[in-house]
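>
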Amino acid sequence: MSKKKVLQAVATIGAVTATGAIATTAHADTTPATSNAAVSQTPSADQQLSSLQASQAKAEQSLTDQNQAALNSQTATIEQQASEAANKENAAYSSAVASQSAANQKELANAAQHIVTPAQKAQQESAAKSAYDKSKADLDAQHSAKSNQIKTDYDAAVKKTTDEVKANQTTAEQQHTQEVQNATKAVSDAQIKVNNLTQLNQQKQTELTNAKSQLDQAKENSKNTDSFDNSTYDNASDPLIFLSSASW
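Residues -28 to -1, 1 to 220 (mature numbering (1 follows the signal peptide of the UniProt record, and there is no 0)) are what the sequence shown spells out, left to right.
#1: In the structure shown, what three-state DSSP assignment does residue 178 receive?
#2: Would the stretch 112 to 127 and the stretch 54 to 62 be scored as touching if the rule is three or more Cβ pairs under 8 Å?
#3: Nearest to residue 64 by CA position, among 164, 153, 115 and 178, is which residue?
#4: Using DSSP with H/G/I as helix, E/B as strand and the rest coil, what is residue 3?
#5: Are any of the Cβ atoms in chain B nearer than 8 Å to that of residue 139?
#6: So, at 7 Å on beta carbons, what are the nonlocal neighbours of residue 189 in its own chain, with the 5 sequence-adjacent residues on each side left out?
#7: With three or more C-beta pairs closer than 8 Å as the rule, is the stretch 42 to 50 touching the stretch 157 to 167?
#8: Considering only C-alpha positions, which residue in the set 197, 110, 152 and 102 is nearest to residue 29?
#9: Are residue 35 and residue 147 close, meaning C-beta to C-beta below 8 Å?
#10: Residues in the same chain with beta-carbon distance under 8 Å from residue 24, minus the five sequence neighbours each way, listed in chain order, please.
#11: On the CB-based measure, 16 or more other CB atoms within 10 Å of its CB, does residue 192 come out buried or exposed?
#12: Based on Cα-Cα distance, which residue from 75, 185, 143 and 43 lies nearest to residue 100?
#13: Could you check which residue in 170, 19, 149 and 186 has the C-alpha nearest to that of residue 31?
#14: Within its chain, find whatever has a CB closer than 6 Å to the CB of residue 21; leave out the 5 residues flanking it on each side and keep chain order.
#15: Around the C-beta of residue 184, are 16 or more other C-beta atoms found within 10 angstroms, so that it is buried, or is it exposed?
#16: Return the chain-ordered ranges of every beta strand (DSSP E) run that is complete within the stretch 127 to 158 and spans a minimum of 3 residues.
#17: Rounded to whole angstroms, what is the Cα-Cα separation between residue 109 and residue 92?
#18: Can you tell me whether DSSP reads residue -4 as helix, strand or coil?
Written out as structure tokens, the structure is:
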């Protein structure tokens, strides 16, 4: 019975080694070593997650800086174009007003040469002033319309640029967020696998320890049984002396 128990214990250790992939020698005096192969991967997974979060923050800040720089550059270009258009319009308006004033003065001087009576002079001056006022009003209206159009075009261009930058940033942020979520899930899945492997490893270590304990106990029982059998045999081998009545 003792030899059968020893064989059963050795077979149990062999089964644990085969199923748990824990390579060790089944000796009674061997202390099972705790495997840290799976556990050692846990800090690595945490470091990956921390690195991923740091990379996300850095990428988001870089994206924001790039978009802001692009917005500032495009806005500056639009402002320069609007300023040039406004300056050109103001120069054209000033030139037109100066030309109109010169023409009006010339008309007044020409009329003065043909004035006969004060009434004629007043009539000609009034007609010249009316023509000038009308021309000036037309110039003012045209100038105001062009200036308003320049401002409208500027506002529209700025809005379009801002909307495009925001749209690009939103799309990039969404894509980056999705990539981070995917990577985070991958790290989480890897962490779960590490935890499962750690738990399985601990279970196999426990089974191995129990099997070795059974082996130690079986060997101890076998040793005690063999000692008892030898003692019985030694006692049985002692010679027996029989005395007959004739020897008395």
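C-beta atoms are modelled at their ideal positions from N, C-alpha and C, and glycine is treated no differently.
Looking at the atomic coordinates:
#1: helix
#2: yes
#3: 115
#4: Confidence is the limiting factor: at residue 3 the pLDDT is only 45, short of 50, which leaves the residue's position unreliable, though a coordinate-based value still follows. Here residue 3 sits in coil by DSSP.
#5: The question asks about chain B, but that chain is absent: this structure has only one protein chain.
#6: none
#7: no
#8: 152
#9: no
#10: 152, 155, 156 and 159
#11: exposed
#12: 75
#13: 149
#14: 159
#15: buried
#16: none
#17: 26 Å
#18: Reliability fails at residue -4, whose pLDDT of 44 lies under 50, so the model's placement of it is uncertain and the value that follows must be treated cautiously. DSSP places residue -4 in coil when its eight states are reduced to three.
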